[in-house]
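Here's the structure we're looking at; comments come further down.
In my numbering, the protein residues as written are 5 to 385.
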């Protein structure tokens with residue numbers, strides 16, 4: 005959705021998306037652009053188009069419904085969907101739409117086989133193995149049974165095993181020994197599958213963090229999500245700037261109201277902030293209903309007129325109050341930069357993550373559909 009006039013807008017720089025993707029492809033293997041969760045809040049359809057135009061042969065989504073949405077928008081390239089619950093009718097639809105799907109157990113394999121038979125469509129399958137994250141993925145004790153069943157289904161002409169993959173638990177911490185352990189377990193899985201005569205052409209393990217700092221984790225394909233959007237995968241890897249990434253989203257609101265308050269005035273729910281001197285305050289019309297984390301109450305800052313202004317008191321569902329100081333030139337209608345790339349002194353998503361005791365992923369992904377997305381192309385310096 006493109007904004008015309010709104011109380012707030014999330015400005016998404018498609019040039020930054022393209023630049024970040026090119027930065028990631030420097031790893032030396034093809035990179036799957038992950039556009040799950042509406043492209044981490046940036047808008048899946050527009051981001052998918054941008055990534056395809058910049059050479060991404062692969063897109064990744066979590067949900068089957070996300071793949072269906074992209075196909076409906078006209079995307080026809082290779083795409084992997086990996087998370088679904090038993091009985092999801094979108095499974096058959098995805099097979100008919102030529103979407104690759106992931107299996108992570110005997111049960112999910114059986115369901116894909118049944119759907120492929122029903123659709124009379126040979127399914128392209130990526131087998132996910134658990135190498136230590138302990139979410140979905142075939143457990144090591146079940147490798148032989150699941151691999152044999154998959155090989156039989158391939159021999160029967162029902163599926164093509166085109167991929168083997170897993171997911172790292174601590175790629176954002178290069179010093180964590182589990183990274184090397186998971187890489188070795190993944191190699192073991194490749195060997196076991198090969199012992200049944202199956203050597204899929206696409207083996208993928210690396211996520212954003214590993215793509216940027218673990219060359220040993222790069223097999224035939226890397227999957228990059230958060231780094232595509234210019235957000236650092238973790239503090240242990242460095243800031244976005246240190247990693248050569250450009251944050252793509254800038255959240256801008258319009259100052260709704262400016263007022264003067266006296267000493268002793270209490271601000272927002274519960275009166276947790278009390279003015280100690282005469283001051284001006286501003287009302288910013290975004291709140292936790294828009295994805296602004298309430299946990300950042302009385303901690304976060306925004307940028308107004310080139311100056312940082314602190315959030316006062318509790319962030320409400322639709323609005324928050326900021327400190328404009330003892331004197332102000334701010335007026336209703338002025339731009340309030342909630343977060344952005346940091347080029348003008350504004351806070352970044354990483355700053356808001358720190359104020360909220362969370363991660364940058366959550367800050368951008370949770371920006372709600374109440375905030376229109378506005379797409380721009382601005383080359384970074």
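The C-beta atom is built at its ideal place from N, Cα and C for all residues, glycine as well.
All of these numbers come straight from a predicted model, not from anything done at the bench.
Nearest-angstrom beta carbon gap, residue j and residue i [assumed within contact, 8 Å]
i           : j           : result
residue 290 : residue 368 : Going by Cβ atoms, the distance from residue 290 to residue 368 rounds to 14 Å, so no, they are not a contact pair.
residue 226 : residue 33  : 6 Å
residue 95  : residue 67  : Wrong, their Cβ atoms sit about 11 Å apart, outside the cutoff.
residue 237 : residue 176 : 5 Å
residue 340 : residue 382 : Not really, about 19 Å apart at Cβ, beyond 8 Å.
residue 197 : residue 168 : 6 Å
residue 240 : residue 178 : 6 Å
residue 101 : residue 121 : Not confirmed; about 17 Å, so no contact.
residue 285 : residue 300 : Actually they are not in contact, since the Cβ atoms of residue 285 and residue 300 sit about 17 Å apart, beyond 8 Å.
residue 127 : residue 116 : 5 Å
Burial state of residue i, where buried means 16 or more other Cβ atoms lie within 10 Å
i           : result
residue 134 : buried
residue 40  : buried
residue 90  : exposed
residue 213 : buried
residue 321 : exposed
residue 170 : buried
residue 263 : exposed
residue 52  : buried
residue 297 : buried
residue 276 : exposed
residue 188 : exposed
residue 26  : exposed
residue 261 : exposed
residue 14  : buried
residue 295 : buried
Span separating the alpha-carbon of residue i from that of residue j
i           : j           : result
residue 119 : residue 250 : 42 Å
residue 5   : residue 150 : Per-residue confidence for residue 5 stands at a pLDDT of 44, beneath the threshold of 50, marking its modelled position as unreliable; no derived number is given.
residue 248 : residue 194 : 32 Å
residue 279 : residue 307 : 21 Å
residue 245 : residue 354 : 11 Å
residue 154 : residue 113 : 7 Å
residue 55  : residue 314 : 36 Å
residue 266 : residue 272 : 15 Å
residue 371 : residue 205 : 37 Å
residue 162 : residue 87  : 21 Å
residue 129 : residue 64  : 14 Å
residue 173 : residue 110 : 23 Å
residue 18  : residue 152 : 44 Å
residue 107 : residue 190 : 16 Å
residue 338 : residue 76  : 38 Å
residue 30  : residue 78  : 28 Å
residue 3   : residue 58  : Because residue 3 is not part of the residues shown, which for the chain are 5 to 385, the question remains open.
residue 347 : residue 156 : 56 Å
Residue(s) in a DSSP beta bridge with residue i
i           : result
residue 308 : 311, 340
residue 321 : Answer is none; residue 321 lacks a bridge partner.
residue 284 : 264, 329
residue 378 : 15
residue 133 : 142
residue 352 : 344
residue 84  : 64, 104
residue 180 : Looking at the DSSP assignment, residue 180 forms no beta bridge with any residue, so it has no partner.
residue 226 : 35
residue 208 : 169, 225
residue 163 : 127
Distance cut-off 7 Å: residue i Cβ against heavy atoms of the ligand FMN
i          : result
residue 54 : Of the ligands one can find in the structure shown there are none, so the ligand FMN has no counterpart to examine.
Short CB-CB distance (under 8 Å) between residue i and chain B
i           : result
residue 381 : Absence of chain B from the displayed structure is noted, only one protein chain being present.
**Item:** Contact the region 321 to 334 vs the region 346 to 363: 3+ CB pairs below 8 Å
**Value:** No, the region 321 to 334 is not in contact with the region 346 to 363.
**Message:** For the structure I just gave you, are there three or more beta carbon pairs, one from the region 227 to 241 and one from the region 254 to 263, closer than 8 Å?
**Reply:** No, they do not touch.
**Request:** Decide if the region 214 to 221 is in contact with the region 175 to 183; the criterion is three or more beta carbon pairs, one per stretch, under 8 Å apart.
**Result:** Yes, the region 214 to 221 is in contact with the region 175 to 183.
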